[in-house]
Each structure stands twice: as C-alpha cells, then as structure tokens.
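Everything on this sheet refers to the single structure shown next.
Protein chains in written order, with the numbering used here: chain H, 47 to 411; chain Y, 528 to 734.
Structure follows, in structure tokens:
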C-alpha cells in the first residue's frame, strides 16, 4: 500500500478502512524527547516551535498544543487562584468556602455562560476569549499551528462537557454538598456549561480544518467511576450527547477523553454516539481486547501506559505492550496508538522512541 | 441500642441533620459518648467504606456521609476525654511535594476519621522536611503519602528516606502508585483506594 498522509491514515483508521500502518497519536510534554528529536535546546521562547517540529516528524495526530509558560501564581477577576507551570494549570484556591458562597458564584456564572461571544472558551481554569488574547481569530490561530505541524492532524480546542469544569471549580466537597442541598442549581449550571459549549462548537467547527475532535470530562479513578452511573445518566450523558450531536452535525468525529476505568458506563458512551475513547488507561483496567470485542466499531486512542511502563519499564516491555495492543485492538483500523494521556516529563526517551518504532513497523505486516 | 443503628443509617444516607438529632437523643437517653462514636458514627462510616470499595457508592456519597459523621462528632466530641479521642492512633497525611491534587487524600482523611483515627492533614504540595517536622512534633504512628502524578510520586521516595530514622510506618497511594512501586521505595504499605487505606492503617498500627 502506498504511503498515506496523516489525515488519510487517521480518518481511515477511525472508519475501519485500510491504512498503510497504525496512526500515532499523542500529547507531548517531555523536554528531553523534544530536544532529542529536534537536536535543539528548548526554551520558553522556542518551545512551541520545537514541540510542533517534534510532533510533525513523529505523530499522525495530536491535541493540546500550547506554548510552555513560566511558573507563576495569579488570581482572576472572581478571586480564583491559579498556579501555572510549563504546560499545566492548577486551580489552587476558590473565592468561596461554603455551599451558599458556591451557589452565589454559580448564579453569576450562569449569567456569564449565557452571554457567549465568538472566541469565548470556558474550562475549569475559567473563561477566556481567544480573540481577546490575540489579534488573530481562532481559525487563523489554528491555521498558524497547523502550518507548524505540517501533515499532522491537530484536534481543535478541546471540548468540555462541563461536569469536570463544574466540580473542579466548585471543589469536589462543595460540589457534592450543593448537589444534595440544591440539585436544581447544579443541574442548571451543568446545562449552562453544555449549552455554552454547543454554541462554541457551531462557531468553530470546520471539518476541513480537522476531521476529529476531543470531548472531555474526567469521570473515573483507577478503581472505577467517581460518580454513580445513576447521576451520570441524569446529569452527564444527555449533555455529552448534545455536544456529540453538535460536532457530528459538522461532519466531525468525536473521541471522548476520561482517565480511569469507564467500563461500568461504556454502553452509555456508545449510546451517546461517541466515535472513540481516549486514553484507554490499561493500568486502570481498560482492556483493549475486551473493548474491541464488545464494541467492534469503537475507535480507541492511547493504550500504552504512561503511568508505569513508559517511565519505569524496559524497551522490551514497551515492545511487548505495543504488539499486544496492536494484536488486540487494531483490526484494520480502530486504534490510534499512543500513551495513556500524555508523554510527560518522566517518560523515558528510549521507551517513547521504541513505542513509535515498534508501532510503525509491526502494524505494516 | 436502636438509636445507634439509626445514627449509623443516617450516616450511610448522608443525613447530617438526622445524625445530629439522633446523637443528641442518645446522649439524653444516657448513652456513652464513646458508644455513640463507635457503634453509631464509625459503624456507619465502615459500611460506607465497604460500599465505596465495592463500587456501590461513589465519591460524592462518601463526602456527604463524612459530613454527616462530622455533624455527630460535633455533638459528642466535647464530651470525650483526650484519651478517648486518640484511642485508635494518629495518622499524618498529605499530598507530596509538587502535587496539588487532593480528592484522594481528602477521601482517605474522611475515611480514617470515620474509622476513629486522629488525622493530621498537611494538605497538598508537602515537602519531605514538613512531614519530618510534624512527625517530630506530633508523633503519629502512621504517615500516609498521596500522589496523582508520575512526576511527583518520586517525591514519595525522598519523603520515606527522610522518615526512615523515625518510629513511624508509611503507607502510600494514588493513581500511578502500585504495590511494586511501594516495595521499591520501602513503603510499609500500599493502599489502592481510600477504604483500603483504613484497613492498612489498622494493620500497620497492629504490627
């Protein structure tokens, strides 16, 4: 088979059509790897260019491309305190300490969410307007990044369902207490977050820019779900379906992201219409073979453990796991191989290179 | 006493108002504060812990039950002697340096408190020196270290090394942590979830 473009490879794999080899997907946040691949020293100034150069050389698809940022702590206008370090933002303090304070904030936030303006995005780290931060439109910014990435498929800005935006902003304890004391206000908040995102989707979706997107809300731990299936079926899955339908209406496929073991509600994800799941956290019990057997038309993205294997394993162990993932999950498509979330700073460079090399050669058989 | 059962059931349901009401009634009826704690509040949280371990209840339900348990503790705590309060032992917990995640650590705190332990919670991003300082000052029997990130779990190793010369047992837990890693860094125990952390603490205190 002739060499395919990254986009052809990704789309065909998701449609279970023939591909020349397995597509590689990842989120790269590993400085030694970037420096190894590019042969240049990474700085805050050249970080974005070197990251894109690495990805364009090695991967078929990626997400979450951003410039690394200097370590800093700052407050937003509402009094939320954030800490930023390289590619990570943490919410470290909130302007309320009790349920009433949270409820007051939610009411204000719902008004903000109803006031959507083109360019707005809303995540656990608050509201931002990408146009407000740049003199370029989101489309122009996407095109600029895409140019740096060459052929590699770039998922557009990730699409939050709103549940983890809400509980991270509220704090899990206050979120839980508020849901008992005033379930309607939490429900209204979750709906406002989903409706906001649907408006944004119709504003930014363009299949010519990217054929795939990533919808997310972290719902699970290694040992199982954080929330009950009953709660999720009432407060989460209908809103997930809203987002999936919105992306699908533009011809864009949806990969759903959540860490942890989702097996208890996998049927619900399929019923909501998602085309694939990520990161397939194998160490949490997400078994590639079982998922392939139960959901033959579901694409998996990830599957190679970044928790133990890539940081602490040997190259031989990585090779065995990659071959196993391909044997069990790549039935002529249906698997975009990569780490179970990201190639973080502790992943060994030799293990990551081994993962990529074995995947590209073994899947060509 | 029937009221202990009612207290336990109200804890399981997460009904703080009922727990408070039943605890007050039990005291009026002459129940010992320690019995209310052991046979009502702790008994209820033990059930919640088992249900959580078996995926029958989830994080919000545990947090709501823990809040209800605390409502009962607020009623009886002033009536407990210092020795009764510290009866089961003291556990020092914290998320290790560089890591700001706290859900898992908070669940462990609530489960331990619910099981009757005195818990000192140092919060998140806790340096090894801070653990050592509080071990010297408060003399806990067990230290619990939490980490969500592979990039920060290495700080468990340095914390354990600093604690080696003190008479304290260390247990670890968190998403990337495994029994193998616990063995490699010399931890005394590994707990895969919050309910198991209570069991491990009990085992470490008994050893």
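Where is the CB? At the ideal position from N, CA and C, for every residue including glycine.
These numbers come from a predicted model, not from an experiment.
Local Cβ density within 10 Å of residue i, reported as buried at 16 or more and exposed below that
i, result
"residue 580 of chain Y", "buried"
"residue 351 of chain H", "buried"
"residue 189 of chain H", "exposed"
"residue 376 of chain H", "buried"
"residue 679 of chain Y", "buried"
"residue 666 of chain Y", "exposed"
"residue 239 of chain H", "buried"
"residue 230 of chain H", "exposed"
"residue 327 of chain H", "buried"
"residue 307 of chain H", "buried"
"residue 120 of chain H", "exposed"
"residue 706 of chain Y", "exposed"
"residue 233 of chain H", "exposed"
"residue 683 of chain Y", "buried"
"residue 359 of chain H", "buried"
Within 8 Å, strictly: CB atoms of residue i and residue j
i, j, result
"residue 20 of chain H", "residue 104 of chain H", "Residue 20 of chain H lies beyond the range of chain H shown here (47 to 411); nothing can be said about it."
"residue 296 of chain H", "residue 253 of chain H", "yes"
"residue 136 of chain H", "residue 112 of chain H", "no"
"residue 349 of chain H", "residue 330 of chain H", "no"
"residue 202 of chain H", "residue 261 of chain H", "no"
"residue 574 of chain Y", "residue 589 of chain Y", "no"
"residue 412 of chain H", "residue 264 of chain H", "The structure shown does not extend to residue 412 of chain H, since chain H is modelled only from 47 through 411, so no value can be given for it."
"residue 671 of chain Y", "residue 698 of chain Y", "yes"
"residue 592 of chain Y", "residue 541 of chain Y", "yes"
"residue 59 of chain H", "residue 319 of chain H", "no"
"residue 64 of chain H", "residue 106 of chain H", "no"
"residue 162 of chain H", "residue 285 of chain H", "no"
"residue 88 of chain H", "residue 101 of chain H", "no"
"residue 619 of chain Y", "residue 661 of chain Y", "yes"
"residue 158 of chain H", "residue 173 of chain H", "yes"
"residue 732 of chain Y", "residue 650 of chain Y", "no"
"residue 108 of chain H", "residue 72 of chain H", "yes"
Proximity test, Cβ basis, 8 Å: residue i and chain H
i, result
"residue 682 of chain Y", "no"
"residue 672 of chain Y", "no"
"residue 594 of chain Y", "yes"
"residue 586 of chain Y", "yes"
"residue 576 of chain Y", "no"
"residue 541 of chain Y", "yes"
"residue 728 of chain Y", "no"
"residue 719 of chain Y", "yes"
"residue 534 of chain Y", "no"
is_contact[residue i, chain Y] using C-beta, thresh 8 Å
i, result
"residue 354 of chain H", "yes"
"residue 274 of chain H", "yes"
"residue 225 of chain H", "yes"
"residue 73 of chain H", "no"
"residue 412 of chain H", "Nothing about residue 412 of chain H can be read from this structure; chain H reaches only from 47 to 411."
"residue 219 of chain H", "yes"
"residue 168 of chain H", "no"
"residue 303 of chain H", "no"
"residue 235 of chain H", "no"
"residue 313 of chain H", "no"
Three-state secondary structure assigned by DSSP to residue i
i, result
"residue 114 of chain H", "coil"
"residue 405 of chain H", "helix"
"residue 121 of chain H", "strand"
"residue 174 of chain H", "strand"
"residue 690 of chain Y", "helix"
"residue 597 of chain Y", "helix"
"residue 673 of chain Y", "strand"
"residue 106 of chain H", "coil"
"residue 706 of chain Y", "helix"
"residue 305 of chain H", "coil"
"residue 130 of chain H", "strand"
"residue 678 of chain Y", "helix"
"residue 67 of chain H", "coil"
"residue 257 of chain H", "coil"
"residue 606 of chain Y", "helix"
"residue 572 of chain Y", "helix"
"residue 84 of chain H", "helix"
"residue 286 of chain H", "helix"
Problem - Touch test, the stretch 139 to 154 of chain H against the stretch 119 to 130 of chain H, Cβ-Cβ under 8 Å, three pairs minimum - result: yes
Practice task
Specify whether the stretch 352 to 362 of chain H and the stretch 308 to 317 of chain H touch according to this definition: at least 3 beta carbon pairs, one from each stretch, less than 8 Å apart.
Solution key: no
Problem - Touch test, the stretch 563 to 572 of chain Y against the stretch 534 to 552 of chain Y, Cβ-Cβ under 8 Å, three pairs minimum - result: yes
Problem - Given 8 Å, three or more beta-carbon pairs between the stretch 212 to 220 of chain H and the stretch 144 to 161 of chain H - result: yes
Practice task
Report yes or no: do the stretch 595 to 604 of chain Y and the stretch 668 to 676 of chain Y share at least 3 C-beta pairs separated by less than 8 Å?
Solution key: no
Practice task
Flag this pair as touching only if the stretch 689 to 704 of chain Y and the stretch 646 to 653 of chain Y have three or more C-beta atom pairs under 8 Å; answer yes or no.
Solution key: no
Practice task
Would you check if there are 3 or more beta carbon pairs closer than 8 Å linking the stretch 387 to 401 of chain H to the stretch 71 to 90 of chain H?
Solution key: yes
Problem - Given 8 Å, three or more beta-carbon pairs between the stretch 621 to 641 of chain Y and the stretch 601 to 608 of chain Y - result: no
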